[in-house]
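All remarks here apply to the structure that follows.
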Amino acid sequence: MKIHVLSPEVYNQIAAGEVIDRPYSVVKELVENAIDAGATEVTVEIEMGGKQLIRVTDNGVGIAKEDLANAFEPHATSKLTTAADLFGVTTLGFRGEALASIASVSKTKICSRVQGEDAFSLSSEGGVRGEVLPAAGAYGTQISVCELFFNTPARLKFLKSDAQEEGDIAGIVARFILSRPAIAFTLITNGKIKYRSFGDGLPAALAAIYGADILSHCYEIDADKHGIRLYGYIGDRNFSKSNRTYQSLFVNGRYVINQTVSSAVTNAYAGYLMKRQYPFYVLFLDIPPEIVDVNVHPNKADVRFADNQVIYGTVYSVISSVLDGNSRALEYLVDANRQQERAEEREEREKPAQQAEGVFAAPISPASKPAPAAKPAPAPQMTYAEAKKELEFQIPPQAGRVSVPPRGNWQLEMGVSQPTQKEVDVFEENKRSILEAEKKKQQQRIDPASLEFKGELFRTYLIYECGDDAYIVDQHAAHERLIYDRLREKAERREILSQSMLVPFILTVNPAEFAFLEKQLPVLRELGFDIDEFGTDTVKVSAVPSDLLNMDMAAFFDEILSSYESLRAIKLADLLKDKLASAACKAAVKGGDPLTEEEVKALLRRMNGDMGLKCPHGRPVAVHVARSEFEKLFKRII
Ligand code: ADP
Ligand code: MG
Numbered sequence: 043m044k045i046h047v048l049s050p051e052v053y054n055q056i057a058a059g060e061v062i063d064r065p066y067s068v069v070k071e072l073v074e075n076a077i078d079a080g081a082t083e084v085t086v087e088i089e090m091g092g093k094q095l096i097r098v099t100d101n102g103v104g105i106a107k108e109d110l111a112n113a114f115e116p117h118a119t120s121k122l123t124t125a126a127d128l129f130g131v132t133t134l135g136f137r138g139e140a141l142a143s144i145a146s147v148s149k150t151k152i153c154s155r156v157q158g159e160d161a162f163s164l165s166s167e168g169g170v171r172g173e174v175l176p177a178a179g180a181y182g183t184q185i186s187v188c189e190l191f192f193n194t195p196a197r198l199k200f201l202k203s204d205a206q207e208e209g210d211i212a213g214i215v216a217r218f219i220l221s222r223p224a225i226a227f228t229l230i231t232n233g234k235i236k237y238r239s240f241g242d243g244l245p246a247a248l249a250a251i252y253g254a255d256i257l258s259h260c261y262e263i264d265a266d267k268h269g270i271r272l273y274g275y276i277g278d279r280n281f282s283k284s285n286r287t288y289q290s291l292f293v294n295g296r297y298v299i300n301q302t303v304s305s306a307v308t309n310a311y312a313g314y315l316m317k318r319q320y321p322f323y324v325l326f327l328d329i330p331p332e333i334v335d336v337n338v339h340p341n342k343a344d345v346r347f348a349d350n351q352v353i354y355g356t357v358y359s360v361i362s363s364v365l366d367g368n369s370r371a372l373e374y375l376v377d378a379n380r381q382q383e384r385a386e387e388r389e390e391r392e393k394p395a396q397q398a399e400g401v402f403a404a405p406i407s408p409a410s411k412p413a414p415a416a417k418p419a420p421a422p423q424m425t426y427a428e429a430k431k432e433l434e435f436q437i438p439p440q441a442g443r444v445s446v447p448p449r450g451n452w453q454l455e456m457g458v459s460q461p462t463q464k465e466v467d468v469f470e471e472n473k474r475s476i477l478e479a480e481k482k483k484q485q486q487r488i489d490p491a492s493l494e495f496k497g498e499l500f501r502t503y504l505i506y507e508c509g510d511d512a513y514i515v516d517q518h519a520a521h522e523r524l525i526y527d528r529l530r531e532k533a534e535r536r537e538i539l540s541q542s543m544l545v546p547f548i549l550t551v552n553p554a555e556f557a558f559l560e561k562q563l564p565v566l567r568e569l570g571f572d573i574d575e576f577g578t579d580t581v582k583v584s585a586v587p588s589d590l591l592n593m594d595m596a597a598f599f600d601e602i603l604s605s606y607e608s609l610r611a612i613k614l615a616d617l618l619k620d621k622l623a624s625a626a627c628k629a630a631v632k633g634g635d636p637l638t639e640e641e642v643k644a645l646l647r648r649m650n651g652d653m654g655l656k657c658p659h660g661r662p663v664a665v666h667v668a669r670s671e672f673e674k675l676f677k678r679i680i
């Protein structure tokens, strides 16, 4: 077999799989280049979720005519020359592969102009580049990427819907706005402005993304410890979100997802947030470059720290001090007075809506905070190995299935075990436990006619006798279970009746969440919800399944959104089961409600002799007590 060197186009297409897998990664690379070029204004325009067009325009230094010719060459970079430079990377890009990769899988045009020169342009189609030509344009660079993946149909197939891709792009642009508050960004999607920041500082950047109100729910922190600076905004103890899309971490100016830091923050909030609530944070970690390795992965979404314990410890202790309001908090809080002013401003704004002379809650000020609630024992330090292990769960479920070449050896790096062997065992295990459960169920089912009602205890527990066995039934649990079964049966037979709500429920979410929610709409409709899009990133619910008329809509949608980005496949049907369970609970007779003899009989009949029933919350409906146990109680037998 003859060995031949791949043509640059083919080589770049393969390399493109490493860096450019989705429209948002193009946006990320182009914006990073603009930032590296010193731009103070960056505009991102996209059409059809970036599949049709991604155009990034900046006012940075530009690319000189003679360099333009090399812009699409692999490993062309102006940012690194020697391997030693790798240890002190301060620019966002350094590999010199992004432009070459992007150009190889799209129709790309660069137009650039450096100070004091004319503008020039260069186009490329599928990596085959044209001539450098004179052009017209402002100082800076504009790169247009059209028809991404037009020549790699396999890749095109794995893209998400336009709305989802758009949501992810909005997510990445939001992160740039936060990480570079001195740069004015504009994101325009299909001709409409989605985000706009003016380069006037971090608080304004936060407001541009989350709305101005966000500041009054946050602490601004700035801490310097062990040569590490941690600063930014963290939600106060009462402010939480239902998923992790409201968490941003920037290490040395670069957006990263890092398990060490995220567990440190999560653990610091552990005593304050309930299950399925996630803290809000926009945090910056500045670390000497020589102790961070950004060279982990071409996508550079993770970083490796030379010492995780120190990072974990710093983040955990700073954030928990602030939340707990202990004496060190003052050291870390930025201008506690400013926080107080903000809280007051907010109250001022809300005042007209309140009754005159309303009593205001004390403004947030850590110094005047009441004694902190009992704090759980400090979380154990997490080793990096453990942190990595947790990272497994961040890998999208389809990662193993997609037929693109795997990126490096993440499976090995992240310690993902080989699944096949394990699967067989799990399967056997399941089979065995199903059989066992089945057997147990048989034993627990008794002929209802053989049960004799003997009375009740505390107006709650019904007593039945059957030969040498006694059964004590919790009337509430039993009734609840029966109602639940009926509701579920109806739901399964699609006999759900929708019932209009008096006041429609309106929910506005962020673009990424919206894209996710949009995908759930058909399922929700099938379940009996009348739900529609209602303006930008907003849905309106005007009818719900009639059995669930009184459900807590906000909580329900919070739960749906909480499965976003946790990457668990959402099981709406399961969620609904939860809702049915609480509906059943409300409708069922309570402990203490007296039952007529008729009702007692009806209840038993409907239980159909099944003493192994559990209520929808998992508590037993019936307890079995054998005659021998009574005899033991009375020491008749030992
Ligand atoms: P890298 O960013 O890793 O150096 P890229 O392929 O992203 O590699 O870019 C290649 C080179 O093209 C950069 O090193 C830079 O010199 C130049 N370049 C790309 N985009 C811009 C821009 N917007 N403004 C100025 N120069 C740019
Ligand atoms: Mg780059």
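Counting in my numbering, the sequence shown runs from 43 upward without gaps. Ideal Cβ positions, reconstructed from N, Cα and C, are used throughout, including at glycine.
I want to check one thing, is the minimum distance from the CB of Leu141 to the heavy atoms of the ligand ADP below 6 Å? yes
Taking the Cβ atom as the reference point for each residue, do Ala362 and Leu603 lie within a distance shorter than 7 Å? For the record, residue 362 in the displayed sequence is Ser; it is not Ala. Judged by beta-carbon spacing, Leu603 lies beyond the 7 Å limit of Ser362, meaning their Cβ atoms are not closer than that value.
Among Ala212, Ile548 and Asp366, whose alpha-carbon lies nearest the alpha-carbon of Gly92? Ala212
Does His6 pass the burial test, meaning 16 or more other C-beta atoms within 10 Å, or should it be called exposed? Residue numbering for the chain in the displayed model covers 43 to 680; residue 6 lies beyond these limits and cannot be assessed.
Ignoring anything shorter than 3 residues, give me the beta strand (DSSP E) runs that lie fully in the segment 489 to 574, in order along the chain. DSSP runs (the beta strand (DSSP E)) wholly in the segment 489 to 574: 494 to 499, 503 to 508, 511 to 516 and 540 to 550.
If you measure between the beta carbons of Val98 and Val73, is that distance less than 7 Å? yes
To the nearest angstrom, how far is it from the Cα of Leu201 to the Cα of Asp78? 28 Å
Quick one, which of Phe292, Asp344, Asp278 and Ala265 has its alpha-carbon nearest Thr356's? Ala265
Rounded to whole angstroms, what's the CA-CA distance from Ser542 to Val360? Just pull it up for me. Cα atoms of Ser542 and Val360: separation of roughly 49 Å, rounded to the nearest angstrom.
Just to check, is the beta-carbon of Asp683 closer than 6 Å to a non-hydrogen atom of the ligand ADP? It is not possible to answer for residue 683, since the shown part of the chain is limited to 43 through 680.
In or out: Arg678 buried (at least 16 other Cβ within 10 Å) or exposed? exposed
Straight-line gap, Leu291 to Asp344 (C-alpha atoms, nearest Å): 10 Å
Check: Asn294 C-beta below 6 Å from any heavy atom of the ligand MG: No, the Cβ of Asn294 stays beyond 6 Å of every heavy atom of the ligand MG.
Which residues share a DSSP beta bridge with Val665? In DSSP, Val665 forms a bridge with Ile514.
By the DSSP assignment, the beta strand (DSSP E) with Ile299 in it spans what residues? Counting along the chain, Ile299 falls outside any beta strand (DSSP E), and DSSP gives it neither H nor E.
Three or more beta-carbon pairs under 8 Å between the segment 312 to 323 and the segment 266 to 277, yes or no? yes
Using the Cβ count rule (16 or more neighbours within 10 Å means buried), how would you classify Ala224? Exposed, by the Cβ-count rule.
What does Val696 pair with, by DSSP beta-bridge criteria? The question about residue 696 has no answer here: the residues shown for the chain are numbered 43 through 680.
Under a Cβ-count criterion, where at least 16 other Cβ atoms within 10 Å of its own Cβ denotes burial, should Ser588 be classed as buried or exposed? Its Cβ having fewer than 16 others within 10 Å, Ser588 is exposed.
Inspect the CB distances between the segment 505 to 521 and the segment 561 to 581 and report whether three or more fall short of 8 Å. no
Extent of the continuous alpha helix (DSSP H) run through Ile77: Pro65 to Asp78
At a threshold of 6 Å, does Asn309 count as lining the ligand MG (C-beta to nearest heavy atom)? no
Could you tell me which residues DSSP puts in a beta bridge with Ile353? DSSP output for Ile353 lists no bridge partner at all.
Using a Cβ-based criterion (distance less than 6 Å to any ligand heavy atom), does Ala180 qualify as near the ligand ADP? It does not: the Cβ of Ala180 is nowhere closer than 6 Å to a heavy atom of the ligand ADP.
Do you know how far the Cα of Ala196 is from the Cα of Pro447? Unreliable positioning characterises Pro447 in this predicted model, as indicated by a pLDDT of 31, which lies under 50. The coordinate reading is nonetheless provided below. So the two alpha carbons sit approximately 12 Å from each other.
Just checking my contact of Asn193 with Gly168 at CB under 8 Å: how many whole Å lie between their CB atoms? Between Gly168 and Asn193 the Cβ distance is about 4 Å, and since that is below 8 Å, they are a contact.
How about Phe114 and Leu95: do their beta carbons lie closer than 7 Å? Going by C-beta atoms, Phe114 is not nearer than 7 Å to Leu95.
Give every residue of the same chain whose Cβ lies closer than 7 Å to the Cβ of Glu673, excluding the five residues on either side of it in the sequence, and list them in chain order. Ile679
In the DSSP output, what is Leu375 paired with across the bridge? Ile263
With 16 as the cutoff for other CB atoms within 10 Å, does Gly182 come out buried or exposed? Counting Cβ neighbours within 10 Å, Gly182 comes out buried, since at least 16 surround it.
Is Glu74 near the ligand FAD, judged by its Cβ being under 6 Å from some heavy atom? With respect to the ligand FAD, the structure offers nothing, as its ligand set consists of the ligand ADP and the ligand MG.
Going by the C-beta, is Gly169 closer than 6 Å to any heavy atom of the ligand ADP? no
Counted within 10 angstroms of its Cβ, other Cβ atoms place Asn650 as buried (16 or more) or exposed: Per the 10 Å Cβ criterion, exposed.
Based on Cα-Cα distance, which residue from Gly634, Gly497, Leu524 and Ser148 lies nearest to Phe191? Ser148
Just to check, is the beta-carbon of Thr228 closer than 6 Å to a non-hydrogen atom of the ligand ADP? no
By DSSP's criteria, Thr638 is part of a beta bridge. Which residues make up the other side? None, per the DSSP bridge assignment.
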